[in-house]
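If you count the sequence shown from 1, you need to add 1 to reach this note's numbering. Written out below as structure tokens is the structure these notes cover.
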Amino acid sequence: MAAEIGPPHRVHTAQDVVDTLRRGNWAILAHEWAGEIDPEHWQDVVEAAAEAAGVDVEFVVIPRRSLTVVFNRAAPPTFEQVRASIDVIERHR
């Protein structure tokens, strides 16, 4: 499964995240990659952009890994897909 997941792809705006979710993908914020953006603020900004675009999102914070996963509730990833994505991020840290 991890072989199917590409390397981390950074996006720069909340709209980029929403566009990713619309395509049926999910996004993971590695908290240390957020720079000056607080993860809670990032979540608020993405949630507002998703609401404006009519995309129903779900956030899952993984404190032990310092990650936040966001996905479109209409197209949730499987546990295995998220796990594979986390493995890829861990290798790129």
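Built from N, CA and C at the ideal position, the CB exists for glycine as well.
Looking only at its own chain, which residues have a Cβ that is under 8 Å from the Cβ of A35, when we skip the five neighbours before and after it? Here residue 35 refers to the residue found at position 34 of the sequence shown. Closer than 8 Å at Cβ, skipping near neighbours: W43.
For E91, which option in I29, V46, A76, V58 has the closest C-alpha, if you only look at C-alpha atoms? Numbered from its first residue, the sequence shown carries residue 91 at position 90. Per the Cα distances, I29.
Closer than 8 Å to a non-hydrogen atom of the ligand MN - does that hold for the CB of R24? Among the ligands in the structure shown, none appear at all, so the ligand MN cannot be discussed.
Going by the DSSP bridge assignment, what does L68 pair with across the sheet? As a first step, residue 68 must be located in the sequence shown, where it is residue number 67. A31, I63.
Which stretch, first to last residue, makes up the alpha helix (DSSP H) that contains V19? Position 18 of the sequence shown, counting from 1, holds the residue named residue 19. Annotation: the continuous alpha helix (DSSP H) that includes V19 extends over 15-23.
Could you say which of V12, V18, P8, R11 lies nearest to A72 if we only look at CA atoms? Locating residue 72 in the sequence shown gives position 71, counting from the first residue. The identity of residue 72 in the sequence shown is Phe, whereas the question assumes Ala. Closest in C-alpha terms to F72, from the list V12, V18, P8, R11, comes V18.
The alpha helix (DSSP H) enclosing I90, as first and last residue numbers: The residue given as residue 90 occupies position 89 in the sequence shown. In the DSSP annotation of this structure, the continuous segment of the alpha helix (DSSP H) that includes I90 starts and ends at 80-93.
Could you compute how far the alpha carbon of A54 sits from the alpha carbon of F60? What you label residue 54 is simply residue 53 of the sequence shown in a count that begins at 1. What you label residue 60 is simply residue 59 of the sequence shown in a count that begins at 1. The C-alpha of F60 is placed about 17 Å away from the C-alpha of A54.
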